[in-house]
Each structure stands twice: as structure tokens, then as C-alpha cells.
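Residue numbers (my numbering): 61 to 418.
Here is the structure we will look at.
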Amino acid sequence: MDLQAQYQSIKPEIDGAIQAVIEKGAFISGPFARQFEEDFKQYVGTEYCMSCGNGTDAIEILLQAMGIGPGDEVIVPAISWIATSEAVSTVGATPIFVDLHPETYTIDPNLIEAKITKKTKAIIPVHLYGNPADMPAIMKIAASYNLKVLEDCAQAHGAEIAGKRIGGWGDASSFSFYPGKNLGAYGDAGAMLTNDEEIAVKAKMIANHGQLKKHNHQMEGRNSRLDGIQAAILSAKLPHIESWTEKRISRAAKYQELLADSVITLPQVRPGDRHVYHVYVIQIDNRDQVKEKLQKAGITSLIHYPTPLPLLPPYAHQGHKPEDFPVASSMVQRILSPPIYPELTDEMIEYVVDHLLH
Ligand SMILES: *Cc1c(COP(=O)(O)O)cnc(C)c1O
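Right under this line is the structure:
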């Protein structure tokens, strides 16, 4: 990604936003955070938006607001950023891992039911890489077992299923605005969205020391608030997200056009879904050699992620083997993310593809 190029394209708007916060002295939460919450809930299409410190906090606080804690189990995909499963453990519950769908790389709904026990309280689908998880199928399972659904939307701002934005499908959703995400602040930032008033009120309280009004502490909470400067930057950037997303989609289409006849496995999108390409993940033979070759040509590529979550040391006590997650275990050997961001030119993509193929 190239955050500098994005800043240069909207410099006056960003500089003006930061200046306004300093002049008002509204550094923590306050009017700029309230404005961004209004802007962002309209964008996603939910009734409530509560800003918070980062995307990891958003998952933790929403789980707590849903009443999930010690003794409970929460179903998560076998591949994600560790924040997804970490948040489950932080609230005292146990993450239960489910393998991915081999084509969309999101949690495979067909494998969820086998992992449901009496202790299962929730499912966290992750819209991994920017590709929507199969929410209609997941909501159906959740309804029949009375489970809560928390969408982890950290990589998928603006993704859609059948014209409806992700973040409004489950009982609640978490967003991260880490600088490198599709909508990024200039520091840590996060948000929690829902249509459920009870979850909204509880999440808002937890994020601000258990109070809705000053010194009216109804419970013990924590400090997870959005900075005014980050809120103002996000409000300034939000009007651009659709055009940036369209550019990401067109960059993905360019890769697709140039790589269609190759042996490289390309991202797949279910009909009617809008993939927003937070990253462009391909599968390729001799991945490590290809990655090194790209690096020598000045092209940075990344691996999202090198190890399935259940095979990481913090989950060793669950005793999983690679064979338990055949899709995740096989893809981590072959996945590679070449550059993708709105400002990437056709010429740059041609250069990358040239080095991928030869
Ligand atoms: C980035 C990310 C998070 C965590 O967000 P932070 O703001 O970095 O705490 C959670 N889940 C996924 C899938 C992510 O990519």
C-alpha cells in the first residue's frame, strides 16, 4: 500500500480536519467522534455505531455486551488476524476453530454445525481479505441454535452481499480503522455497530468505564475511546471510500485479466457479492521463491497469514493437527498477496505480473 499517495490526494481535507480538532480541543471522544459515528452508521446502514479505541477492543467489548464470558465457546475461522480469536480468549471464552471454504477463504458454513456444543454462544465470521463470508447461511445456522453472530469487518469496509453492506447482517459488527485498512485513521481506531439497542447501550458503557453519563458508573468497564483527531480524519476520508473501493476492484480486475490464463489460483467471488480487496490473495507454486524474486525486483508481497490460528502456540493446548483444517493448512503453503491499493497503476500491475509469471 502507499498511504503517502493517498494523503497527498486529499491533503487539504485532512489538514483542515486535524486543525479543527486542535482548535476545539476535542481530543478524546466528543463532537468529532459523535459526528463520525453518525457518518459511519449511515454508510454501513445500522441503527447504532459506537466508536472505540481499535478493532480488537471492538470484538472484545461486543462479546462482553452479548454476555459472553468464561465457560462459553465462540466459533471462529481457522485463518484470520489473531485479534479475532484473541478477543474470545480475552473475555474468558474459548475460540473453536472451523476450516475455510476452499474458494472464498471465509468460514465454511457446512462445517459449523459439527463444532456446535451446549457451550457455544456465538459465531464470528470474518470477511477475510475483503470477501464477504456467507452471511445468509451463517445466520440460518445461528437462528436454529440460538447463537449470536458478530461480524469481524476489519478487512471489508463497503463489502456487500446482494446489495446489502456487510456489518448489518449479524447481531453486531466490529470495524478496525488501523492505518492500513481500507478506511484507515492515522493511528488506532475502531467501531462497533448494531441494530440491537441492548447491545448498543452495554457496549457504549463498557467502552467508557461503565458510564453513560459522567460519574454514573453502572458497572466496571474500561477505557476504549476514539480520539477526536482520528474521528475527524475518518470523517474526512469517508466520502472517498466508494471511489477508493471501486479503484481496488478495478485493480483486482486488472490482475484477473493478466493472470486469467496462468496456473495461478485467483480470488473467487460468489455471484452477487462485492469483494473489496483489502488484500489480493493468490495461490502459487513455489511461493517462497516467487516472493523472493518479487522482493529482488523491488516488489513487496506479504503472506496473510503464514500459520492457521489453531496451529499457533497459544492454541497448542487444544491439540490440533494440520489435517484437522485441510483447506487452511494447504493454502498457507501457497498464498501470496502482491500489492493492491487504489493508486496502483496499470503499469505497476503489469510489472508485478511479469515477475509473477517469469
Ligand atoms: C486488523 C484486524 C483486527 C484488529 O484491528 P485493530 O484495530 O488492529 O485492533 C481484527 N480482525 C481482523 C480480521 C483484522 O484484520
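Here a beta-carbon is modelled for each residue, glycine too, at the ideal position from N, C-alpha and C.
For residue i, the residue or residues it bridges with in DSSP
i, result
"residue 287", "88"
"residue 268", "283"
"residue 146", "According to DSSP, residue 146 bridges with nothing at all."
"residue 109", "253"
"residue 225", "220"
"residue 325", "343"
"residue 208", "182"
"residue 362", "397"
"residue 134", "155 and 182"
"residue 167", "160"
"residue 333", "221"
Contact test: residue i Cβ vs ligand 1 heavy atom, cutoff 7 Å
i, result
"residue 115", "yes"
"residue 238", "yes"
"residue 367", "no"
"residue 124", "no"
"residue 190", "no"
"residue 247", "no"
"residue 193", "no"
"residue 250", "yes"
"residue 182", "no"
"residue 215", "yes"
"residue 254", "no"
"residue 241", "yes"
"residue 186", "yes"
Beta-carbon contacts of residue i that lie in its chain and below 8 Å, excluding the five residues immediately before and after
i, result
"residue 410", "318"
"residue 70", "296, 297 and 300"
"residue 389", "368, 371, 382 and 383"
Range of the contiguous beta strand (DSSP E) that encloses residue i
i, result
"residue 250", "250 to 254"
"residue 156", "154 to 158"
"residue 232", "232 to 236"
"residue 306", "Run containing residue 306: none in the beta strand (DSSP E); it sits in the alpha helix (DSSP H), 301 to 319."
"residue 181", "180 to 183"
Chain-order list of residues whose beta-carbon lies under 6 Å from that of residue i (same chain, five-residue window excluded)
i, result
"residue 267", "112, 121 and 284"
"residue 96", "291, 294 and 295"
"residue 332", "222"
"residue 91", "none"
Segment limits, alpha helix (DSSP H) that includes residue i
i, result
"residue 199", "195 to 205"
"residue 387", "386 to 394"
Cβ shell of residue i (< 7 Å), same chain only, five flanking positions each side left out
i, result
"residue 173", "201"
Minimum Cβ-Cβ distance from residue i to chain D less than 8 Å
i, result
"residue 391", "As a matter of chain content, chain D is missing from the structure shown, which is built from one protein chain."
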